[in-house]
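Everything on this sheet refers to the single structure shown next.
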Amino acid sequence: EQCSNEQVEKGRKGCNSSNKEESKTGSTHVRQHQDAVQCYHPALRVHTSDSILSDTFLDAGRELGLPVGNLNDDIDHGVMAAETMVYKGQRWSTAAGYLRPALGRPNLHVLLHSH
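In the UniProt record's numbering, the protein residues as written are 1 to 115.
Structure (structure tokens):
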């Protein structure tokens, strides 16, 4: 089973650094979440920032006694790693994840400027 950074950090049973899924850029493609506050959408390619700068920022917040949370959690203060939707160095959108793959379907009609 592949695990996200968050699952490895939280010590989820069966998750360790050896089964963490890495993308070509080093970010972790979110495969699943145990928290009810965050959904799993494989087409969205959500990555949690995993860099030296991000780690330093989170460590500084911990040293100040601030809670370290998740952007989708109910914590309204503290520090959190940024989440991005980037794939192969390009911004990834819901259109890229859901609409573009379905454009060739005969039962899909996309209307532009229809407001």
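By construction, the Cβ of each residue, glycine as well, lies at the ideal position given by its N, Cα and C atoms.
Just so you know, these numbers come straight off a predicted model, no measurement behind them.
Rounded C-alpha distance that separates residue i from residue j
i	j	result
Leu-112	Asp-55	42 Å
Tyr-98	His-115	21 Å
Ala-60	Ser-93	31 Å
Gln-90	Leu-58	25 Å
residue 201	Glu-83	No answer is possible for residue 201: the residues shown for the chain start at 1 and end at 115.
Gly-104	Asp-76	42 Å
Arg-62	Arg-100	41 Å
For residue i, three-class secondary structure by DSSP
i	result
Gly-69	strand
Arg-91	strand
Leu-108	coil
Leu-99	helix
Ala-60	helix
Ser-51	coil
Burial state of residue i, where buried means 16 or more other Cβ atoms lie within 10 Å
i	result
Val-46	buried
His-48	Just to set this straight, residue 48 is Thr in the shown sequence, not His. Counting Cβ neighbours within 10 Å, Thr-48 comes out buried, since at least 16 surround it.
Ala-43	exposed
Thr-28	With a pLDDT of only 44 at Thr-28, under 50, the local geometry of the prediction cannot be trusted, and the value read off the model is given with reservation. Result: buried.
Ala-36	In this prediction, Ala-36 scores a pLDDT of 48, lower than 50, which makes its location untrustworthy; no coordinate-derived value is stated.
Ala-102	exposed
8 Å contact criterion, which residue i and residue j should meet: CB distance rounded
i	j	result
Leu-66	Val-79	5 Å
For residue i: DSSP bridge partner residues
i	result
Val-46	Met-85
Val-79	Val-68
Proximity test, residue i beta-carbon vs the ligand FMN heavy atom, cut-off 8 Å
i	result
Ile-52	By its list of ligands, the structure shown contains no ligand whatsoever, and the ligand FMN lies outside what it can speak to.
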